[in-house]
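One structure is given here, and the rest of the page talks about it.
Number of protein chains: 4
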Amino acid sequence: MSVEICTVGGFSEVGRNMTAIKIDDEVVLLDMGIFLPAIVSFEAEEGHRNLPTQKLIDIGAIPDDHVIESWKPLVKGILLGHAHLDHIAAVPYLAGKYKVPLYATPFSLEILKAILHDDEMKLPNRFVPVQPNTSFTLTPNITVEFIGITHSTLQCSMIALHTPYGVILYACDFKFDNTPVLGDKPNYKRLQELGEKGVHTLIVECLYAHKEMKTPSEKVAKEMLQDVLYGVENKGKAVFVTTFGSHLPRIKTVIESGKKLKRKVVILGRSMGKYIKAAEDLGLVHFSRDVEIATYKSHMKKILNDVEKNRGKYIVLCTGSQGEPGSILDKILSEELPFNFGEEDHVVFSCKTIPAAINIANREALEARLKKRKVRIFTEIHVSGHAGREDLRDFINMTKPKHIIPAHGDASMKEALGSLAEEMNYKIGTNVFLMSDGQKVAF
Amino acid sequence: MSVEICTVGGFSEVGRNMTAIKIDDEVVLLDMGIFLPAIVSFEAEEGHRNLPTQKLIDIGAIPDDHVIESWKPLVKGILLGHAHLDHIAAVPYLAGKYKVPLYATPFSLEILKAILHDDEMKLPNRFVPVQPNTSFTLTPNITVEFIGITHSTLQCSMIALHTPYGVILYACDFKFDNTPVLGDKPNYKRLQELGEKGVHTLIVECLYAHKEMKTPSEKVAKEMLQDVLYGVENKGKAVFVTTFGSHLPRIKTVIESGKKLKRKVVILGRSMGKYIKAAEDLGLVHFSRDVEIATYKSHMKKILNDVEKNRGKYIVLCTGSQGEPGSILDKILSEELPFNFGEEDHVVFSCKTIPAAINIANREALEARLKKRKVRIFTEIHVSGHAGREDLRDFINMTKPKHIIPAHGDASMKEALGSLAEEMNYKIGTNVFLMSDGQKVAF
Amino acid sequence: MSVEICTVGGFSEVGRNMTAIKIDDEVVLLDMGIFLPAIVSFEAEEGHRNLPTQKLIDIGAIPDDHVIESWKPLVKGILLGHAHLDHIAAVPYLAGKYKVPLYATPFSLEILKAILHDDEMKLPNRFVPVQPNTSFTLTPNITVEFIGITHSTLQCSMIALHTPYGVILYACDFKFDNTPVLGDKPNYKRLQELGEKGVHTLIVECLYAHKEMKTPSEKVAKEMLQDVLYGVENKGKAVFVTTFGSHLPRIKTVIESGKKLKRKVVILGRSMGKYIKAAEDLGLVHFSRDVEIATYKSHMKKILNDVEKNRGKYIVLCTGSQGEPGSILDKILSEELPFNFGEEDHVVFSCKTIPAAINIANREALEARLKKRKVRIFTEIHVSGHAGREDLRDFINMTKPKHIIPAHGDASMKEALGSLAEEMNYKIGTNVFLMSDGQKVAF
Amino acid sequence: MSVEICTVGGFSEVGRNMTAIKIDDEVVLLDMGIFLPAIVSFEAEEGHRNLPTQKLIDIGAIPDDHVIESWKPLVKGILLGHAHLDHIAAVPYLAGKYKVPLYATPFSLEILKAILHDDEMKLPNRFVPVQPNTSFTLTPNITVEFIGITHSTLQCSMIALHTPYGVILYACDFKFDNTPVLGDKPNYKRLQELGEKGVHTLIVECLYAHKEMKTPSEKVAKEMLQDVLYGVENKGKAVFVTTFGSHLPRIKTVIESGKKLKRKVVILGRSMGKYIKAAEDLGLVHFSRDVEIATYKSHMKKILNDVEKNRGKYIVLCTGSQGEPGSILDKILSEELPFNFGEEDHVVFSCKTIPAAINIANREALEARLKKRKVRIFTEIHVSGHAGREDLRDFINMTKPKHIIPAHGDASMKEALGSLAEEMNYKIGTNVFLMSDGQKVAF
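Protein chains in written order, with our numbering: chain P, 300 to 742; chain W, 300 to 742; chain G, 300 to 742; chain E, 300 to 742.
Right, here's the structure in full:
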């Protein structure tokens with residue numbers, strides 16, 4: 300058999316993404332991510348971290364790559380599509396044993412390095428930066444192409460493997476945003492060309508395959524956020540905004556809003572600081588021209604003391620969007636950081652609550668604490684970074700794949716993409732494969 | 300006692316709004332609306348209409364004004380805030396017996412006349428147009444002011460009664476939209492002036508008092524709708540958009556999009572046509588310069604035959620947003636109107652499904668029929684026309700009322716506004732009154 | 300390959316069950332059911348029935364058996380597990396072309412005959428009754444065994460195929476009820492023996508594989524129903540009970556309750572009458588000794604007139620549990636049948652609302668009509684007939700199958716059974732197969 | 300005015316119940332409970348307890364009795380209906396300042412004493428035991444009667460105040476259980492007599508006023524629990540059951556089941572031990588004849604070590620039903636107590652998850668930890684202790700109150716009871732009062 304695909308992780312849950320693709324006797328690995336809830340839940344129970352790799356596999360936190368044990372000698376490279384933790388954060392635990400280079404966009408590699416640095420880990424693998432919309436020869440049989448796409452962080456890519464059997468296209472995660480706030484529009488032209496050239500198999504996220512919509516542009520989130528920041532009376536009141544640490548487009552909007560409002564934007568939090576630093580080091584953004592970023596406690600304290608005294612002169616952008624213990628908002632409310640929220644101060648949640656019971660409880664608890672202090676709360680100022688059903692339909696129409704494998708979802712999400720494909724005259728079991736973690740399909 | 304307020308209707312449900320306010324020995328009536336679900340459910344069961352007034356009261360379709368029977372001789376005027384059916388459509392059944400003038404903005408009066416014309420009814424009352432942001436002397440003791448506000452149709456107003464005891468402000472329905480697509484921004488300045496002058500009682504909608512948000516601007520709906528119309532491949536495909544018939548700002552966006560896409564916009568449906576005609580007659584919009592509007596079957600047929608042949612050249616805007624039987628979309632699918640939906644034609648639902656079981660079932664059935672024809676469906680391209688919790692907080696801060704009565708909601712909505720008021724140092728039972736239909740409170 | 304299984308229908312939805320099993324060059328068909336929502340929705344739209352077979356396949360109402368076209372000459376028999384419509388009601392449309400006998404328990408065959416009679420259809424197939432807990436030789440290679448099991452109608456069976464490769468066990472639908480109200484306890488002993496003999500593959504329902512429970516016994520429904528009938532004041536009030544027409548154990552409970560309360564039980568409705576008649580003809584129940592059953596309009600009218608006059612002397616058991624138009628409750632409320640519900644009459648819904656939007660809307664509308672007449676409503680007096688997760692675990696432990704195929708469910712239900720199996724050391728993709736409609740797996 | 304009622308607490312939330320009733324110039328207080336979520340949330344944030352009374356009021360944990368400050372000198376007695384914490388646990392903080400006796404059934408007083416002992420608090424008030432179904436003269440004008448009723452703990456009572464103006468009946472909390480597992484049936488006869496005598500006002504719980512049902516008898520929970528304990532294979536496996544500590548009828552069922560299964564029942568947990576001890580001291584139950592109860596850690600450890608070795612010989616009944624940190628189940632999983640859950644051990648949750656986000660998250664986390672150990676989980680083996688809509692209707696029919704005040708619920712629950720009352724020809728605002736915390740109504 301010529302092409303074989305193993306759905307290592309992320310095909311039975313949203314997280315710990317990893318796919319292995321065997322072209323004749325060469326194997327390519329795509330993504331190595333974590334399943335954050337498993338780690339959170341384990342830590343909540345056991346109270347410590349720095350777990351060994353096998354333990355992380357056992358608790359479902361990272362992909363179980365034993366299923367490709369026999370393929371190990373054949374692996375030629377590890378390709379990473381974008382910088383989110385569910386796509387790269389298992390690299391420190393799994394990449395080492397493959398002794399092959401890691402290929403990713405510069406931004407993803409910077410984030411990976413920062414993770415390794417934080418955890419005081421080292422990897423023997425070579426790091427090879429790949430610019431979006433470029434390609435390179437991995438082996439005589441396999442050329443790898445990174446195609447720039449829009450999502451909720453920077454330098455996100457679909458990955459196309461050009462093989463003797465056609466293109467294998469890996470498309471996790473993406474949205475089709477025609478008016479992105481930061482970075483370029485999707486490279487539709489190239490996707491269409493691949494469709495004409497011949498896509499053998501499309502491995503594609505299905506998170507929102509059931510949502511009958513085109514996912515709105517990040518520009519819509521910008522409008523909503525500015526509506527709140529400009530349109531609600533906040534004179535003399537503190538304004539805090541929280542979002543995902545990696546969401547640089549959203550951060551950009553907050554910074555622009557600060558300029559317009561003549562409020563100084565200060566950014567608090569190590570995680571958010573890490574993403575910004577990576578982007579700045581690569582010249583992708585220049586936020587620190589306009590804002591002050593604090594990642595150390597003493598610095599944060601100093602800033603918060605200033606904010607306290609001049610609450611009408613700042614926008615504080617910080618972590619805490621999921622109500623998570625240890626975030627900046629949690630620390631302020633627990634008096635680990637000095638700031639007294641007062642009546643009609645603003646806290647803007649520019650995010651969604653990721654729907655796990657622990658997040659819902661954490662957010663509810665955080666909001667209750669804010670309300671006791673009579674803080675005004677603004678929620679759901681957000682749009683998703685994932686393709687809706689109608690984006691996926693456009694995508695399949697563009698790329699005309701012979702086979703489709705839904706990724707990045709649970710059973711009902713995969714079945715939703717399956718039903719979309721059947722609407723488009725594919726057939727589940729024939730050319731659409733609803734696979735679980737650890738399964739293989741051969742062509 | 301000097302001021303007495305009777306919450307006639309709309310204080311135990313969302314619909315059939317009516318409030319009576321007694322100032323010494325003079326009474327003013329505010330709004331007379333229907334509760335549509337009661338009528339729909341009755342008709343579904345009984346299969347006919349033209350019900351007598353008492354029957355409509357018995358089934359809960361219109362306000363039960365017997366509770367103000369003793370006030371009848373004192374009534375001086377009926378004031379209507381805006382043109383939605385849950386605020387004006389009971390006028391034909393109830394207004395006659397009061398033999399006093401009806402005061403409303405010109406647009407609301409036009410719609411009322413159209414309703415009367417459709418139902419072949421007549422009213423003895425005089426119709427007095429009141430421009431937004433003007434006032435008039437109703438009696439020596441009561442001056443009435445209409446204050447322009449943003450909502451999801453045209454010429455919507457809050458109504459202020461200037462009385463010897465202070466201002467009574469009636470604020471149903473509204474949002475605070477700083478970038479409206481059609482019409483002016485809210486008259487914040489005047490609201491603040493009223494607050495300084497002294498608001499005795501605020502009667503205010505509480506539909507979204509539990510939503511921790513500022514309701515997004517209509518501009519956001521415009522962005523989302525254009526994202527779908529411009530950003531999804533629709534070459535050679537039919538594009539249908541459906542929304543609420545009275546939502547003229549949304550209709551304006553569709554028309555503008557048609558121009559940009561070089562597709563001719565055609566509007567089908569009596570209800571939608573009625574609202575447009577009223578607005579055009581008053582010079583508020585000039586849609587028919589750009590679009591063709593069909594309200595009669597023969598005209599619709601002709602247009603749909605053209606659309607069938609030139610599906611890439613039209614946008615069809617029509618009724619059917621709730622999946623309602625008898626709407627244009629329903630008639631097309633039932634072959635009462637000639638159009639064959641085909642693979643990858645678009646239907647865009649620029650609305651929300653009003654959350655009643657019958658609507659949910661109707662929409663689901665309509666969507667199932669569209670999907671059988673392989674139509675692409677885009678849902679929830681919408682923002683609300685009602686104030687969120689943080690808009691309501693701003694509003695109360697502006698107007699500083701002595702007393703608050705939540706309107707336009709069920710028990711949990713009223714309690715949500717009650718809890719907001721308590722956050723702002725009001726007290727339920729003391730200066731906030733959670734009242735049900737048919738109750739009175741005296742000051 | 301020796302054993303091949305085709306999941307014809309009921310593996311992507313709950314309904315239109317059909318499985319084909321190929322043992323070497325012989326094929327057995329299991330169940331031929333309908334997907335009722337597809338028919339309801341089609342009829343709602345098109346307004347007629349008596350559809351041709353191909354149309355029924357196209358709208359998803361019956362299994363699409365084209366996928367086993369090549370197996371047609373090999374088919375040796377059609378086996379039906381129990382009498383519910385989602386398991387037998389496609390027989391009139393599909394069985395004819397296979398020209399092989401139909402095997403089922405006597406009760407299932409009676410129901411099938413009644414369906415054929417109602418629809419004025421005939422089948423060329425021979426009908427072969429099989430008593431529960433007996434077996435017969437279908438072919439030299441295949442012995443078929445019907446194993447008695449508890450569910451929510453009579454003479455339900457699991458079906459075991461004894462083949463040279465081991466037992467193939469088909470277990471749709473069942474619960475493990477140790478205190479059944481009608482009929483015998485499950486034949487656990489035989490299931491254990493099969494486990495020891497060696498089960499090659501288990502095809503098993505997964506409807507409630509996600510529910511962390513053992514499904515309660517029908518005895519619990521009996522307690523709840525009697526609690527309402529005996530414990531609520533109903534002197535001089537009419538008492539109506541509605542349940543599923545085929546639920547003979549529930550009907551038995553109502554009849555017993557009537558005796559205790561000294562109220563005469565009358566049963567109205569063709570569907571309910573059909574199931575009772577079938578059971579009586581076979582001597583399985585003797586309800587008509589105690590109750591009067593009316594299936595024709597004139598008879599129903601006469602009875603209802605009596606009930607009207609002596610409302611304290613009857614319990615009326617009838618159809619309408621889903622609020623369905625055309626049911627007895629609907630006809631009474633629409634004045635097609637003569638009975639005036641009055642204040643504090645009782646209507647007991649001894650059922651669940653099957654969770655489709657149309658059912659929810661129908662039930663809501665029916666309840667609203669009852670409430671307008673001030674009727675007292677008792678809902679959810681019910682327990683399920685389907686195995687919970689912990690029943691399924693016991694079942695798998697008993698039968699120790701080598702392979703498992705979840706049936707009778709959508710994607711998330713199948714994945715729930717998959718996860719249960721993985722807890723029990725099975726592996727999805729290796730010995731657990733999450734299959735969709737129209738797929739095949741070979742061993 | 301002669302009768303005045305102040306809804307001090309429990310009228311805007313489920314918890315911190317307290318009502319004050321003024322008859323001419325004498326005042327009676329009914330219940331003084333806590334709102335547990337406020338305490339849990341406060342402790343989670345602040346990490347300590349032993350809060351001063353005013354702080355407990357500020358965070359909403361106990362009733363704010365400042366609203367009856369002016370009535371303080373008039374208070375003649377504090378009456379407690381039953382032993383649940385939301386009805387008695389604020390007594391230690393609030394009762395002292397009233398310097399009047401506390402009246403309650405012996406069981407409630409025992410629990411109150413145990414709470415005081417645990418918290419090392421003392422009260423100056425005299426404790427006066429009142430047997431269910433007896434009465435006493437509180438003042439010449441007020442005779443107090445405790446009427447035995449069924450609920451989910453022991454010696455629960457409705458409280459009737461016989462006054463010159465008629466009976467004021469306080470009915471929180473209760474169900475109508477005609478087949479109780481422990482204790483007597485409701486005293487329907489007396490309720491009817493009160494109805495005939497003349498009930499001035501009924502203050503009644505509304506928690507499930509929206510549930511169209513008669514709440515099932517505790518006997519149903521017994522059936523379900525025994526179905527699981529007897530009907531699921533558990534030979535050689537550990538069986539743990541968890542329920543609410545105060546639910547003595549449920550505990551009785553577990554003990555009886557242990558006898559039948561020939562498994563020794565051991566009860567672990569201070570809270571559960573406290574309720575059992577109180578009941579045994581009063582001779583209401585004799586559980587310790589049959590079971591071993593461990594409330595100290597060393598004792599629990601010894602027992603669990605035995606259970607570990609002889610897992611087939613025990614049923615362990617313990618706390619943890621809400622997944623709460625610090626419960627026995629939590630401590631076992633955290634290795635604070637010695638027991639290793641193993642494959643196919645049973646944990647039966649004979650309870651509901653009280654619907655707060657923190658409980659849902661706690662339970663989910665606890666279940667996840669159990670599943671990691673491959674434990675079998677049985678959930679929702681429970682029936683409620685609160686009256687459903689149809690019980691409430693029967694109750695109102697029995698007692699025919701002139702006025703109704705819904706208690707023990709939020710806005711939507713109160714409105715549900717309001718709508719029930721309106722079905723029964725009452726009128727909100729006229730003789731039904733939907734009151735919030737801290738309001739007063741005078742008659």
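Using N, Cα and C, we set each Cβ at its ideal position, and we do this for glycine too.
Determine whether the beta carbon atoms of residue i and residue j lie at a separation below 8 Å.
| i | j | result |
| --- | --- | --- |
| Val-443(E) | Leu-378(E) | yes |
| His-499(P) | His-702(P) | yes |
| Ser-301(E) | Gly-684(E) | no |
| Ile-318(G) | Ile-502(G) | The displayed chain sequence assigns Thr, not Ile, to residue 318(G). It is a contact, given that the beta carbons lie within the stated cut-off. |
| Arg-562(P) | Lys-612(P) | yes |
From residue i to residue j, what distance separates their C-alpha atoms?
| i | j | result |
| --- | --- | --- |
| Lys-412(E) | Ala-388(E) | 11 Å |
| Leu-493(P) | Pro-428(P) | 23 Å |
| Asp-363(W) | Glu-522(W) | 42 Å |
| His-347(G) | Leu-335(G) | Because His-347(G) sits at a pLDDT of 49, beneath the cut-off of 50, its placement in the model cannot be relied upon, and the following sentence gives the value as read from the coordinates. Whole-angstrom Cα-Cα distance: 15 Å. |
| Phe-406(E) | Ala-578(E) | 6 Å |
| Asp-693(W) | Met-712(E) | 29 Å |
| Ala-710(E) | Asp-709(P) | 37 Å |
| Gln-353(E) | Tyr-392(E) | 9 Å |
| Lys-739(G) | Val-366(G) | 9 Å |
| His-509(E) | Cys-455(G) | 37 Å |
| Cys-305(E) | Leu-408(E) | 25 Å |
| Val-746(E) | Ala-459(E) | Here chain E has residues from 300 to 742 only, and residue 746(E) is not among them. |
Relative to the C-alpha of residue i, which residue among the options is closest?
| i | options | result |
| --- | --- | --- |
| Glu-532(G) | His-509(E), Leu-733(E) and Phe-475(E) | Phe-475(E) |
| Ile-680(W) | Pro-515(P), Val-480(P) and Pro-705(P) | Pro-515(P) |
Could you name the residues that DSSP lists as bridge partners for residue i?
| i | result |
| --- | --- |
| Ser-434(G) | Glu-444(G) |
| Glu-495(E) | DSSP, once it has assigned bridges, lists no residue as partnering Glu-495(E). |
**Item:** Contiguous alpha helix (DSSP H) assignments of at least 4 residues, all confined to the region 385-412 of chain E
**Value:** 390-393
**Asked** Unbroken alpha helix (DSSP H) runs of length 4 or more, entirely within the region 610-656 of chain P: which are they?
**Response** Uninterrupted alpha helix (DSSP H) stretches at least 4 residues long and entirely within the region 610-656 of chain P occur at 627-632, given in chain order.
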